[in-house]
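The sequence shown stops at residue 303 when you use UniProt numbering, and every number in between is there.
Take a look at the structure set out below.
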Amino acid sequence: TEKDEDDLINFGLVHGIDYIAASFVRTGQDIDNIRKVLGPRGRGIKIIAKIESHEGMENFDEILAKTDGIMVARGDLGMEIPPETVFLAQKMMIRKANLAGKPVVTATQMLESMITAPRPTRAECTDVANAVLDGTDAVMLSGESANGDYPTQAVEVMSATCLQAETAIHYNNVYQSLRNAGLEVNGPMETAEAVASSAVKTAIDINAKMLVVLTETGNTARLVAKYRPEMPVLVLTALEQTARQTEGFVKGVVSRCVGSMIGTDSILYRATKTGKDLGWLKKGDAVVAVHGIQEAKSASRIC
1 TEKDEDDLIN
11 FGLVHGIDYI
21 AASFVRTGQD
31 IDNIRKVLGP
41 RGRGIKIIAK
51 IESHEGMENF
61 DEILAKTDGI
71 MVARGDLGME
81 IPPETVFLAQ
91 KMMIRKANLA
101 GKPVVTATQM
111 LESMITAPRP
121 TRAECTDVAN
131 AVLDGTDAVM
141 LSGESANGDY
151 PTQAVEVMSA
161 TCLQAETAIH
171 YNNVYQSLRN
181 AGLEVNGPME
191 TAEAVASSAV
201 KTAIDINAKM
211 LVVLTETGNT
221 ARLVAKYRPE
231 MPVLVLTALE
241 QTARQTEGFV
251 KGVVSRCVGS
261 MIGTDSILYR
271 ATKTGKDLGW
281 LKKGDAVVAV
291 HGIQEAKSAS
301 RIC
């Protein structure tokens, strides 16, 4: 609509937003239209397609190919398709987004009772945990934190539930499943993805405690996160927008800005220091590093 275009141009571009969550995306053309409105000034802005309709479900593959991320918006979707099938739609969208290496958010009514109650129902905790087990990159609160009586407690419960769910994941199996299914569905990997996949496998094999990704655009970070490493991923970038776009939305990623991407040794020194400061590393721990620019991979040990 004209109002949407005005919001994108006179608010989004002016204030340097990182993401646009587009509601009721029905076809890939909707994504093209948003990019056209954003133009060259908005080329760094990422688009999240909210799938909330039957038509969006039917055209999901086309939308996924053009968007930067997916939001499984279950509230309105549950009004458009039979509610007993929403869980199948959720699993399908998460799986396909995982195979495409695109971040996916699961949202709506996750801890709905905590709008007015200090504790969630057991079913809500199970819902959050199952989204994690399905492979979602992020889970999102809505009314619970926007206008609920217990916003802080809702965040704490959701975080604790996600952490507990992640302990039930066998990460090596997840890696093998994603790799094998990706090759079957998408065919041979591009070089950058092959490097990212190998870095994750190396980290698993040597029991690395941290993965370091040096990236300008964030693409290498997303490729590494696609393979769901168990260890945390530290992203170092010279671009503040890349740091903002990767942390919190790409699974397992913590981002830091560096003044320059020149001087790999000094950057890796900073990475290991950051890992120690965050409590991830101690003397003798292995670290795997991936350089997105040169598509190079290395392994090192903390001294």
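Idealized CB from N, CA, C, for every residue including glycine.
Would you decide whether residue 294 is buried or exposed? Buried here means 16 or more other CB atoms lie within 10 Å of its CB.
As a position in the sequence shown, residue 294 is number 294, starting the count at 1. Interpretation of residue 294 is limited by its pLDDT of 44, a score under 50 that renders its predicted location unreliable; the figure taken from the coordinates is listed afterwards. By the neighbour-count rule (16 or more Cβ atoms within 10 Å), residue 294 is not buried but exposed.
Provide the residue span of the beta strand (DSSP E) that contains residue 159, from first to last.
Your numbering for residue 159 matches position 159 in the sequence shown. Membership of residue 159 in any beta strand (DSSP E) is not indicated; the residue belongs instead to the alpha helix (DSSP H) covering 151-166.
Per DSSP, what kind of secondary structure is residue 53 in: helix, strand or coil?
Translated into the one-based positions of the sequence shown, residue 53 becomes position 53. In the structure shown, residue 53 sits in coil (DSSP, three-state: anything other than H, G, I, E or B).
Would residue 53 be called buried (16 or more neighbouring beta carbons within 10 Å of its own) or exposed?
Working through the sequence shown from its first residue, we reach residue 53 at position 53. Residue 53 is buried by the Cβ-count criterion.
Under DSSP, the alpha helix (DSSP H) around residue 266 begins and ends at which residues?
Position 266 of the sequence shown, counted from the first residue, corresponds to residue 266. Residue 266 -> alpha helix (DSSP H) spans 264-277.
Put residue 114 into one of helix, strand or coil per three-state DSSP.
If you number the sequence shown from 1, residue 114 lands on position 114. In the structure shown, residue 114 sits in a helix (DSSP, three-state: H, G or I).
Please list, in chain order, all residues of the same chain as residue 304 whose beta carbon is under 7 Å from its beta carbon, the five residues on each side excluded.
Since the first residue shown for the chain is 1 and the last is 303, residue 304 is missing from the structure and cannot be characterised.
Is it a yes or a no for the region 187-207 touching the region 251-266, going by three-plus beta-carbon pairs under 8 Å?
No: fewer than three Cβ pairs fall under 8 Å.
Report all residues from its chain with a CB closer than 6 Å to the CB of residue 185; omit the five preceding and five following residues, and keep chain order.
The count along the sequence shown starts at 1 and reaches residue 185 at position 185. Answer for residue 185: 99, listed in chain order.
So, for residue 55: in the same chain, excluding its five sequence neighbours on each side, which residues have a beta-carbon less than 7 Å away from its beta-carbon?
Position 55 of the sequence shown, counted from the first residue, corresponds to residue 55. Cβ within range, chain order: 26.
CA nearest to the CA of residue 223, picked from 18, 6, 68 and 12
For the purposes of this step, residue 223 is taken as the residue at position 223 of the sequence shown. Checked all of 18, 6, 68 and 12; the closest Cα to residue 223 is 68.
Any idea if residue 156 is buried or exposed, counting beta-carbon neighbours within 10 angstroms, 16 or more meaning buried?
For the purposes of this step, residue 156 is identified with residue 156 of the sequence shown, where counting begins at 1. Around the beta carbon of residue 156, fewer than 16 other beta carbons lie within 10 angstroms, which makes this residue exposed.
State the Cα-Cα distance for the pair residue 236 and residue 256, rounded to the nearest angstrom.
Counting from 1 along the sequence shown, the entry for residue 236 is found at position 236. Counting from 1 along the sequence shown, the entry for residue 256 is found at position 256. Taking the straight line joining both Cα atoms gives about 5 Å.
In chain order, what residues of the same chain lie with their CB nearer than 6 Å to the CB of residue 218, ignoring the 5 residues before and after it?
Here residue 218 is taken as the residue at index 218 of the sequence shown, counted from 1. The answer, listed in chain order, is 242, 245 and 246.
Spatial distance of residue 130 from residue 273 (CA atoms)
Locating residue 130 in the sequence shown gives position 130, where the first residue counts as 1. Locating residue 273 in the sequence shown gives position 273, where the first residue counts as 1. Counting only the Cα atoms, residue 273 lies some 35 Å from residue 130.
Say yes only if the C-beta of residue 281 is nearer than 6 Å to one or more non-hydrogen atoms of the ligand GDP, and no if none qualify.
For the ligand GDP, the structure offers nothing, since it holds no ligand at all.
What residues are listed by DSSP as bridge partners for residue 140?
Within the sequence shown, numbered from 1, the residue matching residue 140 stands at position 140. 107, per the DSSP bridge assignment.
Would you identify the three-state DSSP class for residue 297, choosing helix, strand or coil?
Your numbering for residue 297 matches position 297 in the sequence shown. Per-residue confidence for residue 297 stands at a pLDDT of 45, beneath the threshold of 50, marking its modelled position as unreliable; the derived number appears in the next sentence. Secondary structure of residue 297 (DSSP, three-state): strand.
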